[in-house]
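Just so we're aligned: 277 in our numbering is position 277 of the sequence shown, and the numbers increase by one with no gaps anywhere.
For each residue, glycine too, the CB sits at the ideal point set by N, CA and C.
Here the structure is a predicted model, which means the values were calculated and not measured.
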Amino acid sequence: MTTSKQDLLIPTHLNVNLLQFPYNVEKAPKFSWWDHSNIPDSEQTAFQVVVAKRLHELANQEYIFDSGWVDSSKNSGVELPEIEQKLVPSELYYWQVRIKDNFDNMSGFSQPEKFLCADEPLNNPIKGIWSDQGPKTDNELPKLGNVAFIRSPRFNLDLADIDTAVITAFSRGNEPLFIQGFDILVNGTNVGVGSAHRQVHYQGTDKTGIYYNKYDVTENLINGENVISAMATAKSDRKAFWAKLEVYLTDGSKKQVIVTNTDWKVLDGSTAFGDYGVKIRSIYFGMISENVDMRYYPQGWSEVAFNDEAWDQAWINPQSMVSDEEVFIPYRSENTRRFETNEPSKKIVKLGEQDYLIDLGKEIIGSLKVDLESPIDQRVTVLMGEQLQDDGHVRHELAAGPDYVENWTFVKGSNKFTTLQVKNFRYIELVGFQGELHENDINGWAIQQPFESQESKFESDNDLLNREYEMSKYTIKATNQDVYVDSQARERRPYEGDLLVNGNTSFVVSSNYSLNRHSMDYLIDNPTWPEDYKLYSIEMAWQDYLYTGNKDFLNERYTDLTYKLNRGKNEESFDGASQNFTGSLKNTKGVDNFDEKVGLVTNDGLIDWPIPERDGFVEGEYNAPFNAIFYGAYLSMSKIAEATGHTADAEHYRSRAARIKKEMIARLYNPETGRFYDSLNADLSVNEHTAHHSTAYALCYGVYDDQAMADKMSKFVANDGKFVGSIYFIYFMLKGLIDSGHADEAVRLLTNPDDRKDQKTFAAILNTLKATIAPEAWSNHYKPNMTMSHPWGATPGLTIVQGIMGINPTKPGFDAFTVKIRPGNLHHLRVETPSSKGIIKATLAVGADEQTVTVDVPMNSKGTVVLPEGSHVTSIKDANGTNVAGINAETDQIILGSGHYQISYRTN
1 MTTSKQDLLI PTHLNVNLLQ FPYNVEKAPK FSWWDHSNIP DSEQTAFQVV VAKRLHELAN
61 QEYIFDSGWV DSSKNSGVEL PEIEQKLVPS ELYYWQVRIK DNFDNMSGFS QPEKFLCADE
121 PLNNPIKGIW SDQGPKTDNE LPKLGNVAFI RSPRFNLDLA DIDTAVITAF SRGNEPLFIQ
181 GFDILVNGTN VGVGSAHRQV HYQGTDKTGI YYNKYDVTEN LINGENVISA MATAKSDRKA
241 FWAKLEVYLT DGSKKQVIVT NTDWKVLDGS TAFGDYGVKI RSIYFGMISE NVDMRYYPQG
301 WSEVAFNDEA WDQAWINPQS MVSDEEVFIP YRSENTRRFE TNEPSKKIVK LGEQDYLIDL
361 GKEIIGSLKV DLESPIDQRV TVLMGEQLQD DGHVRHELAA GPDYVENWTF VKGSNKFTTL
421 QVKNFRYIEL VGFQGELHEN DINGWAIQQP FESQESKFES DNDLLNREYE MSKYTIKATN
481 QDVYVDSQAR ERRPYEGDLL VNGNTSFVVS SNYSLNRHSM DYLIDNPTWP EDYKLYSIEM
541 AWQDYLYTGN KDFLNERYTD LTYKLNRGKN EESFDGASQN FTGSLKNTKG VDNFDEKVGL
601 VTNDGLIDWP IPERDGFVEG EYNAPFNAIF YGAYLSMSKI AEATGHTADA EHYRSRAARI
661 KKEMIARLYN PETGRFYDSL NADLSVNEHT AHHSTAYALC YGVYDDQAMA DKMSKFVAND
721 GKFVGSIYFI YFMLKGLIDS GHADEAVRLL TNPDDRKDQK TFAAILNTLK ATIAPEAWSN
781 HYKPNMTMSH PWGATPGLTI VQGIMGINPT KPGFDAFTVK IRPGNLHHLR VETPSSKGII
841 KATLAVGADE QTVTVDVPMN SKGTVVLPEG SHVTSIKDAN GTNVAGINAE TDQIILGSGH
901 YQISYRTN
């Protein structure tokens, strides 16, 4: 074969430990990259990874490690054990990779990427700084405000000697559920937000994990004078902020430039933010009201030229920021950043003479960035919210509890500031503002992890379905902060059930897999109260391995995952009436609740929430939904056991799964109606009520003997095209319908155009509720205290990609995957979705006589296109329009190597 230099392209999308810029490398790093070729059927046959300490050393081939050519097709989760002895804690490294293919081509080296080895454990206490509110007697404790402006001394740098500059930072004193302890800035530019949720019971111990962040600020520094600034908030007597700047010099050394101490300047922000003790609260947390007063707000405070001579000397909190009961660890996902939002659909509506409504176009999670001119000194009332009232004004008292009401005082002339606290809102209303308000005077100041929007796309001939996908995709973008939570508006805590939907939707729209893994790890240590939820940790651990090809999590957490199959003994209680928690969370071994005599598990799970959404489910000793979920969990655990070398365990889990399936069908299934009864009592009498949930969970997890049984169950679950239960529960409805061969019913449910108020449809959610992030419930009617920013409602996104388009990994790391498009009544569909091998693309065009599927298979992967049963293939062509030889077209399954293919076929 004659090829050109452009046929095999350089690898891209380099990651270490699932991160673009990791600073948590402790053991042998796991390398990943995407391969690219213009040659059909190309595969990686070998790779070479090189590592150097500095960029110029990499360019000069002065490597500290060179793998040489390694014969391997693996390009995700790649281990090079011999590199571990070459790495030094806290040191910076660059790496590149190049590959060879099966056509004797060799690529060039990739663009270089960095990684940092984790710091060594703490040997000395860390003491942070804060602002002291003012004079006190010798015996009086410091008066510490809840907000502090912080500035470093100006420091000079010669960038010619600097390869990379990194700030390490964290803060203490905030509530455990808060993420916005500080915004950190370099020369006036925001470079990140911290600190992440602390992790109690870290790695199954009695210690609490305290996370620090590292920020690569190389591009933010200038020759000459620089300054680091922070705006921080905290509540307890542990108030403290700590940061240091280290530079990695071109000569291979490292130098600490500056660290927080008494040379830093601070300004108490109590007056600037009007913090007089009034809190914005849910039943789970309270945050300060930000009554910004521009008479006292230090405009330009983060700029180098700002004059801070009148500011106070920093106060050192004598308490160590990390106690003996805590462990200081690097954050394990991408740093959360600030993003200024300015949606095309943003608009300003004048509701009255001095009453302006700003619609940001989409809901955000974060704060506000303000830059406006006021014609006079004036005070205005500021209302924020997720929804509008019927009269068009902002519903500032959120359904979820917090009441977003603040008062801002403007000065005549320029008013430029940002707020700090995390709120969930789309609408801002300024009451009493005199003057003209322009579109860019107030913008969203969102907190998110970086999100590559171009990695994923979907379109079809159904506009409603397209909008559902975009809402699901934006949900992931907007809600990815430091850990998956139910909603930042109310609880701000992770749940395994939310992880199930959030994680799978994230998999199909983003190649950032690190937040899912971090959230899984958090939940292993901190399981929640629903018994079924703990089982989803197992399901998602297996999904994580399939998507990443990296089984570190399975190996490290294997024993803890096995405990999830036992009835939990969390050190926590839940009061359903008040929806509040008491006690602490802790992962424990629990007790095996499988009844050998009956062949089913006892106890019950959430089923659905709130309780009225359970379709009248009748609980007993042995419950159908709970046992169906257990069946799926045992199957997933058997695969995990197999992958991690626990062969005996794998057989045990398969046996358990088979027994549960057999007994569920024998004891709880009614073959005449095609429905599962809800439960058995302790005396094995049947509670003959048949909630949709009982059959839907069974269908979702494959508790049926044959297709005829699945067909009967599906007819009941499909409910004549109307959703049953909550917006969370539909995940199980839709997955069961699609996996059992009834995707047409799933499409029918998703594309129901009925958008009347309070209908259980996505048309009503988008058109009437006007949601832009997935809501917690179908409407306030079904859950009066719902949030409009709850990722467990993002099921359409994952259903479209994993279900309707049928794109799923069948081997870890997408070594192989399927494309099984089940369009229902749709005639045109096109999707792009990321994988650990690269972007997968697929389209379907339904013609009068013939259907055409196109597929783009990434290099180093195999795609199996599954056509409708009985299809007759008329042609298979490559990107050049040439008929593809060597593929058996007399089958419903066509296996394709890398490249672009067009398959035309007819159905009977």
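| Under the three-state DSSP convention, the category ILE364 falls into | Sequence index remark: in the sequence shown, residue 364 carries index 364 (1-based). Note: ILE364 maps to strand in three-state DSSP.
| The alpha helix (DSSP H) with LEU523 in it runs from where to where? | As a working mapping, residue 523 is identified with position 523 in the sequence shown. Here the alpha helix (DSSP H) through LEU523 covers 514–525.
| request: Would you please state the rounded distance, in angstroms, between the beta carbons of ASN75 and GLN48? I believe it to be under 8 Å. | output: Taking the first residue of the sequence shown as position 1, residue 75 is located at position 75. Taking the first residue of the sequence shown as position 1, residue 48 is located at position 48. Contact flag wrong, Cβ pair sits at about 12 Å.
| said: Given this structure, state the Cα-to-Cα distance separating ALA446 from VAL147, to the nearest angstrom. | reply: Reading the sequence shown from its first residue, position 446 is the one you call residue 446. Reading the sequence shown from its first residue, position 147 is the one you call residue 147. Computed Cα separation, rounded: 19 Å.
| query | Can you tell which of ASP101, THR833, GLY194, ALA816 has its C-alpha closest to the C-alpha of GLN481? | reply | Counting from 1 along the sequence shown, the entry for residue 481 is found at position 481. Answer by Cα proximity: GLY194.
| field | Limits of the unbroken beta strand (DSSP E) element including GLN180 | value | Along the sequence shown, read from residue 1 onward, the residue named residue 180 stands at position 180. Per DSSP, GLN180 belongs to no beta strand (DSSP E) and is neither H nor E.
| said: Please tell me whether ASN603 and GLU539 are closer than 7 Å, where the distance is taken between their beta carbons. | reply: If you number the sequence shown from 1, residue 603 lands on position 603. If you number the sequence shown from 1, residue 539 lands on position 539. No, they are not a contact pair.
| query | Is VAL247 near VAL257, with beta carbons less than 7 Å apart? | reply | Counting from one through the sequence shown, the residue named residue 247 turns up at place 247. Counting from one through the sequence shown, the residue named residue 257 turns up at place 257. Contact: yes.
| said: Give me the DSSP bridge partner(s) of LEU267. | reply: As a working note, residue 267 is residue 267 in the sequence shown. DSSP output for LEU267 lists PHE149 as bridge partner(s).
| field | Closest residue to ASP875 among MET321, THR864, ILE887, GLU869 (Cα-Cα distance) | value | Residue mapping note: residue 875 aligns to position 875 of the sequence shown, counting from 1. First, the amino acid is wrong: residue 875 is Ser here, not Asp. The residue with the shortest Cα to Cα distance from SER875 is ILE887.
| field | Contact check, ARG517 vs ASP486, beta carbons under 7 Å | value | Here residue 517 corresponds to residue number 517 of the sequence shown, with the count starting at 1. Here residue 486 corresponds to residue number 486 of the sequence shown, with the count starting at 1. For ARG517 and ASP486, no; Cβs fall outside 7 Å.
| Rounded separation between ASN462 and VAL846 - CA only | The count along the sequence shown starts at 1 and reaches residue 462 at position 462. The count along the sequence shown starts at 1 and reaches residue 846 at position 846. ASN462 and VAL846: Cα-Cα distance of roughly 14 Å.
| said: Tell me the rounded alpha-carbon separation between SER573 and GLY108. | reply: What you label residue 573 is simply residue 573 of the sequence shown in a count that begins at 1. What you label residue 108 is simply residue 108 of the sequence shown in a count that begins at 1. Because the pLDDT at SER573 is just 42, under 50, the model does not fix this residue reliably, and the point stays unresolved.
| query | Roughly how many angstroms separate the alpha carbons of GLU386 and LEU398, rounded to a whole number? | reply | Here residue 386 is taken as the residue at index 386 of the sequence shown, counted from 1. Here residue 398 is taken as the residue at index 398 of the sequence shown, counted from 1. Near 7 Å, if we compare the C-alpha coordinates of LEU398 and GLU386.
| query | Thinking just about the alpha-carbon of each residue, which of GLY77, LYS30, VAL70 is nearest to the one in PHE814? | reply | By 1-based counting over the sequence shown, the position of residue 814 is 814. That would be GLY77, whose Cα lies nearest to the Cα of PHE814.
| field | Same chain, Cβ closer than 8 Å to GLY616, five either side skipped, listed in chain order | value | Counted from its first residue, the sequence shown places residue 616 at position 616. So the qualifying residues of the chain are HIS689, ALA691.
| task | Please name the residue or residues paired with ALA657 in a DSSP beta bridge. | result | Counting from one through the sequence shown, the residue named residue 657 turns up at place 657. Its beta-bridge partners do not exist; DSSP assigns none.
| said: Please tell me whether TYR533 and PRO625 are closer than 7 Å, where the distance is taken between their beta carbons. | reply: Within the sequence shown, the letter at position 533 stands for residue 533. Within the sequence shown, the letter at position 625 stands for residue 625. Not closer than 7 Å, so no.
| query | If you compare alpha carbons, which of GLY224, ASP324, ARG567 is closest to ILE210? | reply | The residue given as residue 210 occupies position 210 in the sequence shown. Comparing Cα-Cα distances from ILE210 to each of GLY224, ASP324, ARG567, the minimum goes to ASP324.
| query | Which residue's Cα is closest to the Cα of TRP69: LYS412, ARG748, VAL97? | reply | Position 69 of the sequence shown, counted from the start, is the residue given in the question as residue 69. Of the listed residues, the one whose Cα sits closest to TRP69 is VAL97.
| request: May I ask you to report which of helix, strand or coil DSSP gives LEU8? | output: Translated into the one-based positions of the sequence shown, residue 8 becomes position 8. In this structure, LEU8 counts as strand in the three-state DSSP scheme.
| task | Give the straight-line distance between the Cα atoms of VAL186 and LYS347, rounded to the nearest whole angstrom. | result | Here residue 186 corresponds to residue number 186 of the sequence shown, with the count starting at 1. Here residue 347 corresponds to residue number 347 of the sequence shown, with the count starting at 1. Between VAL186 and LYS347, the C-alpha separation is close to 32 Å.
| Which residue from ARG151, THR559, GLY899 puts its Cα closest to that of ALA310? | Here residue 310 is taken as the residue at index 310 of the sequence shown, counted from 1. The residue with the shortest Cα to Cα distance from ALA310 is ARG151.
| query | For LYS254, which residues of its own chain have a beta-carbon under 8 Å away from its beta-carbon, when the five flanking residues on both sides are left out? | reply | As a first step, residue 254 is located in the sequence shown; it is residue number 254 there, counting from the start. Closer than 8 Å at Cβ, skipping near neighbours: SER90, GLU91, LEU92, GLU246, VAL247, TYR248.
| field | With 16 other Cβ atoms within 10 Å as the buried cut-off, status of GLU113 | value | Mapped onto the sequence shown, residue 113 falls at position 113. Looking at its Cβ environment, which holds 16 or more other Cβ atoms inside 10 Å, GLU113 is buried.
| request: Can you have a look at ILE222 and say buried or exposed, based on whether 16 or more other CB atoms are within 10 angstroms of its CB? | output: The count along the sequence shown starts at 1 and reaches residue 222 at position 222. It is exposed - the Cβ of ILE222 has fewer than 16 other Cβ atoms within 10 Å.
| query | Which residues in the same chain as LEU635 place their Cβ atom closer than 6 Å to its Cβ, once the five residues preceding and following it in sequence are excluded? | reply | Mapped onto the sequence shown, residue 635 falls at position 635. Hits under 6 Å: ALA657.
| Counted within 10 angstroms of its Cβ, other Cβ atoms place HIS201 as buried (16 or more) or exposed | In the sequence shown, residue 201 corresponds to position 201, counting from 1. Buried, since its Cβ has 16 or more Cβ neighbours within 10 Å.
| Alpha-carbon spacing of PHE170 relative to LYS597, whole angstroms | Translated into positions along the sequence shown, residue 170 becomes position 170. Translated into positions along the sequence shown, residue 597 becomes position 597. Computed Cα separation, rounded: 54 Å.
| said: Could you tell me the alpha carbon to alpha carbon distance between GLY632 and GLN299, rounded to whole angstroms? | reply: Along the sequence shown, one-based indexing puts residue 632 at 632. Along the sequence shown, one-based indexing puts residue 299 at 299. Distance between the alpha carbons of GLY632 and GLN299: 57 Å.
| query | Any idea if ARG614 is buried or exposed, counting beta-carbon neighbours within 10 angstroms, 16 or more meaning buried? | reply | Indexing the sequence shown from 1 puts residue 614 at position 614. Buried is the call here.
| Helix, strand or coil: which one does DSSP assign to THR582? | Taking the first residue of the sequence shown as 1, we reach residue 582 at position 582. Only weak support is given to the placement of THR582: the predicted model assigns it a pLDDT of 39, under 50, and the question is left unresolved by the model.
| task | Compare the Cα-Cα distances from PHE553 to each of ILE640, ALA628, LYS477 and report the closest residue. | result | Start at 1 with the first residue of the sequence shown, and residue 553 comes out as number 553. Selected option, being the one with the closest Cα: ILE640.
| Any idea what DSSP makes of GLU225, helix, strand or coil? | By 1-based counting over the sequence shown, the position of residue 225 is 225. Strand.
| Alpha carbon of PRO671 to alpha carbon of TYR704, nearest angstrom | Position 671 of the sequence shown holds residue 671. Position 704 of the sequence shown holds residue 704. Between PRO671 and TYR704, the C-alpha separation is close to 11 Å.
| query | Does DSSP put TYR248 in a helix, in a strand, or in coil? | reply | Position 248 of the sequence shown, counted from the first residue, corresponds to residue 248. Here TYR248 sits in strand by DSSP.
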